[in-house]
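Single-structure report; data block below.
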């Protein structure tokens with residue numbers, strides 16, 4: 001780097017600082033000091049290392065830049081201005097305003113933002129997914145750069161990410177840590193203990209480079225070195241000063257997440273040389289196309305089963321996902337339980353598109369997010385209890401990112417039996433229904449599972465399929481279709497006096513109950529609510545009208561926010577008179593036991609459903625008896 | 001250790017192995033091979049290092065033993081048998097059976113189990129909480145021993161735990177890692193790379209000791225060394241063989257989580273010398289009482305506000321929790337945002353009972369679990385979006401443990417404004433309602449917040465209080481009481497035609513809407529549903545009867561599983577005819593903006609509530625007009 005280049009970078013860094021101050025002061029909120037500390041780092045990256053065609057954000061070999069410290073959005077947006085993508089007017093006057101795309105924390109509303117950040121410790125894990133795609137699937141030379149804060153290194157997810165980055169030899173990934181010593185509420189744990197950080201980074205298998213984050217030459221060397229390592233991720237530990245460039249706030253506590261007051265901002269901008277209008281031409285990426293070409297029309301031959309066969313839906317998932325391997329864009333990840341979830345069958349079929357995430361469910365989901373950024377159709381599987389609850393914040397943020405990922409959680413509910421309550425997902429439906437963009441599916445047999453797994457591949461947003469541990473009879477023929485948002489009605493007749501609604505394991509209990517009720521002369525129809533969100537409101541409403549509003553819902557889930565709740569929410573919007581509904585769900589804390597014992601103890605087995613239906617229609621029974 | 005002692009330990013280890021095999025084979029499921037690998041470690045611990053009065057599990061200075069690898073429950077229960085606490089009959093014949101206390105994974109149904117485990121990577125974080133209590137609050141000499149698996153070291157939460165253990169100098173904590181090389185589905189990431197593990201452990205500040213986990217003398221030395229370190233946690237990395245002692249399965253893949261078939265079990269038991277009946281007398285703990293004596297009756301002077309004052313509920317939380325510091329058992333933890341949540345006010349009042357957990361929300365919640373084990377009344381606070389979703393699996397497991405913890409999540413909903421959707425909790429009510437033992441509170445003003453914070457201290461289970469960022473008028477006087485499970489009815493009159501239900505920020509919108517409706521001659525009552533779970537079903541039912549079933553619910557949360565859903569669930573159990581309900585909730589993805597803009601854009605502001613109410617009672621209005 002010659003003197004002219006260094007001078008240009010200094011000018012750029014000052015512009016990034018000035019712009020970060022201007023936009024946040026105008027907004028009256030934001031994180032200018034967290035932007036100032038990283039301005040030199042980002043100036044060097046933007047001017048000399050990032051390979052990006054700003055006019056074509058979807059160009060396959062563009063580098064990726066992810067702000068894991070999403071609160072430094074003023075800096076990111078100032079970079080966009082320097083790249084000529086955001087005008088001065090938009091930056092200064094619309095930041096954080098209602099209706100603007102320059103939000104408080106970055107979201108993919110902006111075409112250059114891959115993933116929403118702002119929940120700390122997520123950008124780096126997401127980037128691991130992007131880099132997995134780059135190295136193993138796309139086989140392209142793009143590099144993924146991540147700006148991390150030092151506070152977020154306290155998140156375990158950062159270490160899950162570095163661990164997997166090293167395990168998978170992601171030399172195409174660089175984390176730049178802005179070690180500015182100060183968190184939101186005082187000094188960070190390690191403050192400026194650069195060797196403390198380096199020790200951790202090295203122990204987790206990444207290459208660590210300690211630099212002065214305000215030394216342009218040192219930054220340049222570090223970024224060059226980082227990009228040239230073929231097989232090892234690099235973590236650049238940059239010692240910086242929070243608020244760098246504004247003496248009044250430099251390295252001072254109490255200035256996190258605060259816009260500079262107008263007068264202070266004016267002084268600071270003036271001291272930095274005032275607003276400038278430098279526009280940078282970044283390097284172009286090398287041309288290149290991904291090694292994998294998606295083939296969404298590939299002919300898939302789903303496995304077939306005979307009606308009456310005993311098959312677990314997790315087994316059907318494994319068979320179906322293996323069949324899906326003919327689509328080259330399908331990728332599967334598991335949390336070291338692929339022999340239980342049956343995701344392992346995909347591994348046998350297409351090992352080059354299976355990634356073992358070991359027992360690290362946060363990274364499991366984050367990897368699917370990153371793979372989705374690169375256009376892959378990624379499925380993640382584990383036990384439902386761990387797949388949904390452990391990385392729930394990552395799922396929530398995937399919703400904010402509006403990426404498309406697929407989650408398959410097996411071993412749901414008390415049905416799992418002897419392993420006991422720690423392994424029983426009993427809150428996953430409630431949690432997943434409340435996530436933006438989510439689809440929640442819970443099939444009861446093998447063919448419906450296989451069909452839904454196939455459909456998930458083409459479903460946008462976050463789709464979640466809940467699967468059962470045990471084997472239950474196949475109900476549907478191989479040609480039956482299961483559209484998302486639909487349901488299946490069994491035993492419907494004009495004289496039905498009650499509807500029994502179940503999904504997954506309780507569908508079988510509902511069918512048994514309908515048989516018991518028929519013997520007692522009570523006509524019950526059964527609804528297989530395999531699509532819990534979206535839900536088939538029309539059919540539910542018609543059912544209500546047909547059965548005089550008598551409905552029993554049975555679910556292997558806690559009563560709050562589950563299937564019964566979904567039914568109530570759906571009917572609340574309609575003017576269905578006289579709803580007489582009984583919700584059967586798991587109450588209290590289950591224990592170990594055999595599945596049938598636990599379903600019965602939870603009050604969701606056929607006999608409980610039968611009893612609830614009889615109570616509901618008791619008046620009718622009495623009436624019939626009187627008529628007779 | 002002399003020859004006799006070593007011989008005794010070998011006999012004990014064999015007994016633990018035999019018993020682990022016997023109980024799991026009889027159950028037909030379980031994890032014998034994961035028990036066999038750690039049998040020598042636990043034999044030495046039990047015989048020579050654990051200080052525990054088995055007849056008095058609540059003795060203050062008893063050591064703690066937590067199986068973070070909860071699936072090794074056969075080993076744990078075999079230890080209980082060796083300690084004379086569980087009979088042979090119970091162990092062999094009831095393990096994993098319905099109705100038994102020896103569940104598939106340990107739960108506190110057993111008096112010697114502190115916390116439920118089985119979701120990997122949680123036992124060690126919980127133990128950090130126990131050890132914090134030991135060092136800083138109880139000031140007792142008890143030691144906390146944790147048996148970890150090697151697979152679970154892939155969980156980021158383990159590194160959050162070690163980081164905090166070292167930061168807080170928890171020399172009273174020892175993790176014993178059973179490095180048996182094999183996970184559930186093949187080799188672990190690091191297999192037997194003992195120095196790889198040691199590098200990580202040391203980098204995170206703990207003392208690492210590598211040993212052969214089947215060398216009795218080496219184990220003994222390591223445990224002695226571990227207990228004698230005053231200021232640094234120890235991690236004993238024990239290289240072991242999965243299935244050790246049963247040649248047919250030793251170090252073989254494919255034997256995780258499988259009971260040995262009966263014939264193989266018989267051979268193995270015979271080779272190990274057959275069943276024995278050794279009973280161990282463990283060392284007694286030194287006498288001691290905790291330095292802190294709880295004083296639940298301490299007179300608390302809650303802060304007071306005037307009706308009409310503008311106060312944020314998070315500010316009220318800070319003031320209330322600081323007032324609670326007069327109760328010596330109250331402890332507060334925060335995730336490095338104490339200046340935003342206002343938990344920092346407790347830190348100023350009682351710094352010795354405030355623990356900064358930095359940006360590590362899993363450890364934040366796990367610490368409260370551990371503190372609860374020691375009888376402390378622990379509150380954890382952070383932004384609701386991060387406090388609930390990041391450690392959701394820890395909250396779920398706290399429910400399974402049936403411990404009592406208190407969570408205060410601030411900055412909920414779109415009301416937070418400019419920071420944007422990544423910071424907005426919009427699914428926390430759904431997620432929290434579905435957790436076993438949970439209480440969900442959402443006060444709308446300062447006095448109700450303060451009262452509820454006080455009540456939470458004496459509430460069992462997991463209580464969650466949702467707080468708002470912005471300041472809103474004080475509604476209630478200082479003497480008003482807010483029982484859990486209650487609600488407050490405003491403006492009730494005999495001619496009310498509609499009820500508006502809100503909580504937190506939307507209560508204020510409902511009150512405004514009622515004013516607007518009154519101007520139009522429509523009488524609306526308003527319900528402050530500050531207690532979402534449990535919910536005041538009686539009042540809701542009576543309201544329905546009073547208003548002809550016309551109800552509008554407005555909530556700053558996604559529509560699935562939230563407040564509207566809670567109302568529907570409550571009314572579903574009652575026979576309330578003709579419910580005409582409109583649920584107003586946040587739909588789609590919010591953006592940055594001012595709070596009022598966002599509440600309006602989400603369709604939950606006063607004008608939307610007014611419009612919904614008018615539509616609901618439209619028929620009545622038409623009717624009145626006709627009568628006039």
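Protein chains in written order, with this note's numbering: chain A, 1 to 628; chain B, 1 to 628. A virtual CB, placed ideally from N, CA and C, is assigned to each residue, including glycine.
Practice task
Mind listing the chain B neighbours of residue 339 of chain A? Cutoff is C-beta to C-beta under 8 Å, in chain order.
Solution key: What residue 339 of chain A touches in chain B: 184 and 185.
Exercise for the section: Flag residue 535 of chain B as yes if its beta-carbon sits less than 8 Å from any beta-carbon of chain A, otherwise no. Expected result: no
Problem - Stretch pair the stretch 429-439 of chain B + the stretch 557-576 of chain A: three plus CB contacts closer than 8 Å - result: yes
Exercise for the section: Please list the partners that residue 69 of chain B has in chain A, where partner means a Cβ-to-Cβ separation under 7 Å. Expected result: Simply none; closest approach about 11 Å.
Problem - Alpha-carbon spacing of residue 340 of chain B relative to residue 98 of chain A, whole angstroms - result: 23 Å
Problem - Pick from A:75, A:267 and A:533 that is closest to residue 503 of chain A, judged by C-alpha positions - result: Out of A:75, A:267 and A:533, A:533 has the C-alpha closest to the C-alpha of residue 503 of chain A.
Practice task
Report yes or no: is there a C-beta of chain A within less than 8 Å of the C-beta of residue 258 of chain B?
Solution key: no
Exercise for the section: Measuring only between beta-carbons, confirm whether residue 497 of chain B sits less than 8 Å from chain A. Expected result: no
Problem - Simplified DSSP state of residue 624 of chain A, which is helix, strand or coil - result: The pLDDT assigned to residue 624 of chain A is 49, lower than 50, so where the model puts this residue is not dependable; a value taken from the coordinates is nonetheless given after this. It is helical.
Exercise for the section: Output yes if chain A places a C-beta closer than 8 Å to the C-beta of residue 389 of chain B; else output no. Expected result: yes
Practice task
Check whether the Cβ of residue 3 of chain A lies closer than 8 Å to any Cβ atom in chain B.
Solution key: Cβ-Cβ to chain B under 8 Å: no for residue 3 of chain A.
Exercise for the section: Tell me whether residue 615 of chain B is buried or exposed, calling it buried when 16 or more other Cβ atoms sit within 10 Å of its Cβ. Expected result: exposed
Exercise for the section: Could you tell me which of A:25, A:1, A:20 and A:43 sits nearest to residue 10 of chain A, measuring between CA atoms? Expected result: Check the Cα spacing between residue 10 of chain A and each of A:25, A:1, A:20 and A:43: the tightest is with A:43.
Practice task
Counting only the same chain and skipping the five closest in sequence on each side, list residues whose C-beta sits under 7 Å from that of residue 610 of chain B.
Solution key: 513, 516 and 517
Handout entry: DSSP three-state assignment for residue 149 of chain B, whether helix, strand or coil
Key = Reduced to three states, the DSSP call for residue 149 of chain B is strand.
Handout entry: For residue 130 of chain A and residue 114 of chain A, believed in contact at Cβ under 8 Å, the rounded distance
Key = Yes, residue 114 of chain A and residue 130 of chain A are in contact; Cβ-Cβ is about 7 Å, under 8 Å.
Handout entry: chain A residues whose Cβ lies nearer than 7 Å to that of residue 191 of chain B
Key = Under the 7 Å cutoff, chain A gives no residues; its nearest Cβ is about 12 Å from residue 191 of chain B.
Exercise for the section: Measure how close the beta-carbons of residue 405 of chain A and residue 385 of chain A come, nearest whole angstrom, since I'm counting them as under 8 Å. Expected result: Beta-carbon to beta-carbon, residue 405 of chain A and residue 385 of chain A are separated by about 19 Å, too far to satisfy the 8 Å threshold.
Practice task
Report the residue ranges of all beta strand (DSSP E) runs contained in full by the stretch 244-315 of chain B; include only those spanning at least 3 residues, in chain order.
Solution key: Fully enclosed beta strand (DSSP E) runs of 3 or longer: 310-312.
Problem - chain B within 8 Å of residue 558 of chain A, Cβ atoms only - result: It does: the Cβ of residue 558 of chain A has a partner Cβ on chain B nearer than 8 Å.
Handout entry: Cβ contact check for the stretch 280-296 of chain A and the stretch 61-75 of chain A: 3 or more pairs under 8 Å
Key = Because the criterion of three Cβ pairs below 8 Å is met, the stretch 280-296 of chain A and the stretch 61-75 of chain A touch.
Practice task
Mind checking the stretch 200-215 of chain B against chain A and listing, in chain order, the residues whose C-beta falls within less than 9 Å of any C-beta there?
Solution key: 200, 201, 202, 203, 204 and 205
Handout entry: Completely contained beta strand (DSSP E) runs for the stretch 30-88 of chain B, where each covers 3 or more residues
Key = 64-67
Exercise for the section: Report yes if the CB atom of residue 540 of chain B is closer than 8 Å to the CB atom of residue 585 of chain B, and no otherwise. Expected result: no
Practice task
Check the Cβ-Cβ distances between residue 80 of chain B and every residue of chain A, and say whether any is below 8 Å.
Solution key: no
Exercise for the section: Provide the residue(s) that pair with residue 355 of chain B in DSSP beta bridges, ordered along the chain. Expected result: Bridge partners of residue 355 of chain B: B:333.
Handout entry: Residue of B:124, B:107 and B:122 minimising C-alpha distance to residue 116 of chain B
Key = B:107
Problem - C-beta contact flag for residue 322 of chain B and residue 345 of chain B at 8 Å - result: It is a contact, given that the beta carbons lie within the stated cut-off.
Practice task
Please decide whether residue 49 of chain B counts as near chain A, where near means a Cβ-Cβ distance under 8 Å.
Solution key: no
Problem - Contact under 8 Å by Cβ, residue 604 of chain A with residue 551 of chain A - result: no
Problem - Residues in the stretch 19-32 of chain A having any Cβ partner in chain B nearer than 7 Å - result: The residues in question are 27 and 29.
Handout entry: Bridge partners - residue 197 of chain A, DSSP secondary structure assignment
Key = In the DSSP output, where bridge partners are listed per residue, residue 197 of chain A has none listed.
Handout entry: Inter-residue Cα distance where the pair is residue 101 of chain B and residue 451 of chain A
Key = Residue 101 of chain B and residue 451 of chain A have their C-alpha atoms roughly 41 Å apart.
Exercise for the section: Please state if the CB of residue 38 of chain A and the CB of residue 173 of chain A are separated by a distance shorter than 8 Å. Expected result: No. Outside cutoff.
Problem - Any 3 or more C-beta pairs closer than 8 Å across the stretch 260-269 of chain B and the stretch 194-210 of chain B - result: The stretch 260-269 of chain B makes no contact with the stretch 194-210 of chain B, as fewer than three CB pairs between them are under 8 Å.
Practice task
Look up residue 401 of chain A in the DSSP assignment and say whether it is helix, strand or coil.
Solution key: Helix.
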